[in-house]
Amino acid sequence: MRQSTTTLEVSTTCRSLIEITREVVRWAADQQIDTGMLTVFCRHTSASLLIQENAAREVRSDILDWLDRVAPEDGGWAHDDEGPDDMPAHLKAILTGVSLSIPVVNGHLALGTWQGIYLAEHRARPHRRQVVLHLIGE
Amino acid sequence: MRQSTTTLEVSTTCRSLIEITREVVRWAADQQIDTGMLTVFCRHTSASLLIQENAAREVRSDILDWLDRVAPEDGGWAHDDEGPDDMPAHLKAILTGVSLSIPVVNGHLALGTWQGIYLAEHRARPHRRQVVLHLIGE
Amino acid sequence: MRQSTTTLEVSTTCRSLIEITREVVRWAADQQIDTGMLTVFCRHTSASLLIQENAAREVRSDILDWLDRVAPEDGGWAHDDEGPDDMPAHLKAILTGVSLSIPVVNGHLALGTWQGIYLAEHRARPHRRQVVLHLIGE
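Chains as they are written, first to last, in this note's numbering: chain A, 1 to 138; chain B, 1 to 138; chain C, 1 to 138.
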């Protein structure tokens, strides 16, 4: 049984979903694990991770719109030290989550045909985000 | 240290919560692991996983109603290629998530007394869904 | 490769977010694992786990307010055996989730600077909650 870890650095420019499937799949493949477990972990409280359709482009904008509705900027939040997008960003990160567990089976991540891995940037301004990958298996 | 994986096939008939606790617990028990980690992973973007009460039947219908309110069909979504339940299904999958991590302690899954594992089908029509199980331990 | 598990008992007094970062970090450190994977699992259906900012105190009250809005007590839920906070508690547990996966890198949990681990108690009355920790690595 072996383990590997790495950290992906993702530069974001605005509130958006940034697909990181290719980077994650490539790194996992490089570890040459046949059976194992991959964990993807986002080290932030105003950015998060989600798995969603990687085909239709409108899906991404609908997701961002929906997150805005569920956690609106005009929600009257007490915490607004860093502007109106601050607290909604935390709430969106809670809703979507910061860790994903994806099995590796027969040398491949068990992602479904339409599943892509996204880093969700919830802040309006550019940020540099860190995503930790951990793989265990053999 | 050992690993095992399998894939459960779950046939769904409509928007619903389908309990898979028994199948998951049975498979995990068959692996004869005393201490370990079980990962449950749903390979779809319009179906997902959740852990919830397995006693009162109204809980399930309330959950489905609530998901409909949070991600309504009449939300004016841009993505509706496959009908009005398409985009809400994606949003509900994001809200609930597609991976679960459950420890195995003293030969048993560490589920609480009232915790059941559910596959949540968010589409209106029947689908065949795949749930990957991965267990590591000894 | 080694594994360790333990169960944290957390006493709650009311609907609240209870930070358990210190207990989790201390236990993980005691296992003297250099590289590994920590799983945190909440054994309940009306309490859950989340990772969020551990600095500004208003963030916590905003999170609780937001959860009340998304899953309100006056939602007309069918399931109210244990009072009006019963079904909203289940819905909030679904939204936030009951398992977290956090890598261990260079002997430390890979939590970001501002990330704290919280047990979220969604019921109004006091409860005794169990959080299972599982660590694998070497």
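Beta carbons are placed, not taken as given, at the ideal position from N, Cα and C, and that holds for glycine.
- With distances taken between CA atoms, Arg123/B lies nearest to Lys92/B out of Lys92/B, Gly112/B and Arg69/B.
- Within chain C, the C-beta atoms nearer than 7 Å to that of Ala78/A come from Glu58, Ser61 and Asp62, in chain order.
- Only residues of its own chain outside the window of five on either side were considered, and among them Leu17 have a CB closer than 7 Å to the CB of Arg60/A, listed in chain order.
- With contacts defined as CB atoms closer than 8 Å, Ser101/B and Thr39/C qualify as a contacting pair.
- Apart from the 5 residues on each side of it in sequence, Pro88/B sits with its Cβ closer than 6 Å to the Cβ of Ala71 and Glu73 in its chain, given in chain order.
- Shown in chain order are the members of the segment 32-51 of chain C whose Cβ falls below 9 Å from a Cβ of chain B: Met37, Thr39, Val40, Phe41, Cys42, Arg43, His44, Thr45 and Ser46.
- Bounds of any alpha helix (DSSP H) do not take in Ile117/C; it lies within the beta strand (DSSP E) bounded by Gln115 to Glu121.
- Spanning the alpha carbons of Cys14/A and Pro126/A requires a straight line of approximately 5 Å.
- Interface residue (Cβ-Cβ distance to chain B less than 8 Å): Asp81/C is classified as such.
- Leaving aside the five residues that flank Leu67/B on each side, the residues in its chain whose CB is nearer than 6 Å to its CB run, in chain order, Lys92.
- Taking all protein chains shown into account, Asp30/C has fewer than 16 neighbouring C-beta atoms within 10 Å of its C-beta and is therefore exposed.
- Of the other Cβ atoms in all chains shown, 16 or more fall within 10 Å of the Cβ of Gly36/A; this residue is therefore buried.
- Close partners of Thr5/A in chain C (Cβ separation under 7 Å): Thr35, Pro103 and Val105.
- Residues of the same chain with a CB within less than 7 Å of the CB of Val10/C, apart from the 5 flanking positions on each side, are Ile18, Ile20, Leu119, Arg129 and Val131 in chain order.
- Per DSSP, His127/C is one residue of the beta strand (DSSP E) stretching across His127 to Gly137.
- In terms of Cβ geometry, Ile63/C and Thr96/B do not form a close pair [threshold 8 Å].
- Residue contact check for Ala89/A against chain C: no CB pair falls below 8 Å.
- Residues of chain B whose Cβ lies closer than 7 Å to the Cβ of Glu53/A are, in chain order, Thr45 and His90.
- Measuring C-alpha to C-alpha distances from Gly116/A to each of Ala110/B, Glu82/B, Thr45/B and Trp114/B identifies Thr45/B as the nearest.
- Trp114/C places its beta carbon less than 8 Å from that of Glu53/C.
- The beta carbon of Met1/A is closer than 6 Å to those of Glu138 in its chain, skipping five residues each way along the sequence.
- The beta-carbon separation of Cys42/A and Val98/A, rounded to 4 Å, stays under the 8 Å limit for a contact.
- Taking the C-beta atoms as reference points, Leu111/A is found no nearer than 8 Å to Ala28/A.
- Close CB contacts of Gln3/C within its chain, under the 6 Å cut and outside five residues either way in sequence, are with Ile136 (chain order).
- The Cβ atoms of Thr12/B and Glu121/B sit closer than 8 Å to each other.
- For Met87/A, the uninterrupted alpha helix (DSSP H) segment begins and ends at Asp86 to Thr96.
- Listed along chain C are Ile136, each with a C-beta nearer than 8 Å to that of Ile136/B.
- Sixteen is the threshold: since fewer than 16 other Cβ atoms of the shown chains lie within 10 Å of the Cβ of Ala78/A, the residue is exposed.
- The distance from the Cβ of Leu133/C to that of Leu8/C is about 7 Å, consistent with a contact at the 8 Å cut-off.
- Linking Pro84/C to Arg69/B through their CA atoms gives a straight-line distance of about 18 Å.
- Under DSSP, Val40/A takes part in a beta bridge, and its partners are Leu100/A and Leu133/A.
- Closer than 8 Å to the CB of Val132/B there is not a single CB belonging to chain C.
- Ile51/B is bridged by DSSP to Ile117/B.
- Here DSSP, grouped into helix, strand and coil, assigns Leu109/B to strand.
- Around Ala71/A, the beta-carbon contacts reaching into chain C at under 9 Å are Trp66 and Val70.
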